[in-house]
Amino acid sequence: MHAGFIFSPYKDVGINMDWNSSTISTLVTGTQRPITQVMPSGLQVLTWAFATGTCDSESWAGVTPSSLISANVNAFVNAGKKYIISTGGAAGAFRCDTDSGFSSFLSRYKSSSLVGVDFDIENSMSQSDITSLVQRVKTARAGAYSNLRYSFTLATLASATTSNQLNSLGTMVMNTIKGAQMGWNGIYINLMVMDYGSTSNCAVSSSTWQCDMGQSAINAAKALNSTWGVPFSSIELTPMIGGNDVTTETFTLQDVTTMVNFVKQSGLAGVHYWSFDRDVDCPPGFASSTCNTYGQAGTLGFVNAFLSALK
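For the sequence shown, the working numbering gives the first residue as 778, with consecutive numbering after it.
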């Protein structure tokens, strides 16, 4: 693994939160507990998802920044755990029009445990919105926040390794980043290697004739590298563990091994997954936000499989 490698599952802060205290919590072990008490000892970093709105007045699933920060930042510091702030997401957008606004946003979450910021760009973002975010990152990196890592999380297909697998929004983001000419030091592209929709969009397994999710993740990384020139050392992968939203697509424990072997061989920058609360068994079926619709991993089976494979 290269020096800056990060493994951090996404945690949807709105799932099983302690709404009385605003403590980020989970029911994945069967009882509601603060997330810092449930993270395995080997898991050092967690990605908090999602801050939506604007950098001047963001919201976390309806929780105010001040409530979230007071309940969680020092708790992570005291537990020896780190965090990434993720913005946007499938259900929301995040916009930031001024460098001063972004600087104050970062300063709110700043602590010895803040590792970086993630921009999960999935919907309703215009070219000007994206240009603004990229400019905010360029300024922050050149100034007081050069120590943070900045990732742009994009949807991808995975049918080929030598052609663009991004959608129009992802293509817009990549063109904007290239135009900003800020290089790849501390800048990462995180691919959502999930929900391909049909077998025409992925690597197909010769045994099941469904999407081979491990190989598809590899295809997506290779395509980003070959078509956009993103070095592997700036590429991250985020699968959806277990059953995906497309019920024929399942990211298995074997896929963990397949994907991580490639990550290690190629020197990728990071691995994440969606999501911490889903890492407990339930039978296959429609995707759930609180279990894996896979049924064969056990409680925290995926996080432990990743930790083991990444050693």
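Ideal Cβ positions, reconstructed from N, Cα and C, are used throughout, including at glycine.
In this text the structure is predicted, and so the values were computed from the model without any measurement.
Next item on the list: Whole angstroms is fine: what's the gap from W1005's alpha carbon to K955's?
Entry: A direct Cα-Cα distance of roughly 9 Å separates W1005 from K955.
Next item on the list: From the DSSP output, in three-state form, read off M1036 for me.
Entry: Helix, per DSSP.
Check: If you count every other CB in all the chains shown that lies within 10 Å of the CB of P786, and 16 or more means buried, which is it?
Finding: Using a 10 angstroms sphere on the CB of P786, the tally of other CB atoms reaches 16 or more, which defines it as buried.
Check: For T930, which residues from the same chain have a beta carbon less than 7 Å from its beta carbon, with the 5 sequence-adjacent residues on both sides left out?
Finding: Answer for T930: D895, F896, D897, I898, N967, M969 and T1015, listed in chain order.
Checklist line | Buried or exposed (CB count within 10 angstroms, at least 16 for buried), A780 | finding: With fewer than 16 Cβ atoms within 10 Å of its Cβ, A780 is classed as exposed.
Note to self: Applying the 10 Å Cβ sphere with the 16-neighbour rule, what's the burial state of K1088?
What the structure shows: Answer is exposed; the Cβ neighbour count stays below 16.
Next item on the list: With a cut-off of 8 Å on the beta carbons, I'd call F871 and R913 a contact; round off their distance for me.
Entry: The Cβ separation is near 10 Å, so there is no contact.
Next item on the list: Could you work out which residue in A1082, A919, I801 and N978 is closest to T824 when comparing CA atoms only?
Entry: If we check each option's Cα against that of T824, I801 comes out closest.
Item checked: Per-residue burial, N996 [other beta carbons within 10 Å of its own, 16 or more giving buried] -> Of the other Cβ atoms in all chains shown, 16 or more fall within 10 Å of the Cβ of N996; this residue is therefore buried.
Checklist line | Whole-Å CB distance - F1028 paired with D1056, under 8 Å assumed | finding: The pair is not a contact, with the Cβ atoms about 12 Å apart (cut-off 8 Å).
Check: What span of residues does the alpha helix (DSSP H) with N1086 cover, start to end?
Finding: It should be pointed out that residue 1086 corresponds to Ala in this sequence rather than to Asn. For A1086, the uninterrupted alpha helix (DSSP H) run begins and ends at G1078 to A1086, by DSSP.
Next item on the list: Could you tell me which uninterrupted alpha helix (DSSP H) segments, each at least 4 residues in length, are contained entirely in the stretch 878–937, listed from first to last along the chain?
Entry: Listed in chain order, they are 904–919.
Next item on the list: State the DSSP-derived secondary structure class of K858, mapped to helix, strand or coil.
Entry: Under the three-state reduction of DSSP, K858 is assigned to coil, being neither helix nor strand.
Checklist line | D789 versus M778, V805, C979 and N941, residue with shortest Cα-Cα distance | finding: The shortest CA-to-CA distance from D789 to any of M778, V805, C979 and N941 is the one to V805.
Check: What three-state label does DSSP hand A870 in the structure shown?
Finding: It is coil, neither helix nor strand.
Next item on the list: Decide if G893 is buried, meaning its Cβ has at least 16 other Cβ atoms within 10 Å, or exposed.
Entry: Residue environment analysis places G893 among the buried positions, since at least 16 neighbouring C-beta atoms fall within 10 angstroms of its C-beta.
Check: CB-CB under 7 Å to G1072, same chain, minus the five flanking residues each way: which ones, in chain order?
Finding: Here the set comprises D1058, C1059, P1060 and P1061.
Check: Apart from the five residues just before and just after S1043, which ones in its own chain have a Cβ nearer than 6 Å to its Cβ?
Finding: Setting aside the 5 residues that flank it on each side, S1043 is surrounded in the same chain by F1009, each with a C-beta closer than 6 Å to its C-beta; the list follows chain order.
Next item on the list: Express the C-alpha separation of N952 and S940 in angstroms, rounding to a whole number.
Entry: Spanning the two alpha carbons is a distance of roughly 15 Å.
Next item on the list: Can you tell me which of H1049, E1013, M794 and N962 puts its alpha carbon nearest to the alpha carbon of G839?
Entry: With distances taken between Cα atoms, G839 lies closest to M794.
Next item on the list: Can you grab the Cα-Cα spacing for the pair V1048 / S877, in whole Å?
Entry: For V1048 and S877, the distance between alpha carbons rounds to 31 Å.
Next item on the list: Flag this pair as yes or no: are the beta carbons of Y927 and Y973 separated by less than 8 Å?
Entry: For Y927 and Y973, no; Cβs fall outside 8 Å.
Next item on the list: Please name the residue, chosen from G807, T1025 and P817, that lies closest to F784 on a Cα-to-Cα basis.
Entry: Measuring C-alpha to C-alpha distances from F784 to each of G807, T1025 and P817 identifies P817 as the nearest.
Margin query: Suppose you measure from the CA of L925 to the CA of V822; what does that come to, to the nearest Å?
Written below: Computed Cα separation, rounded: 14 Å.
Check: So what's I812 in DSSP terms, helix, strand or just coil?
Finding: Helix.
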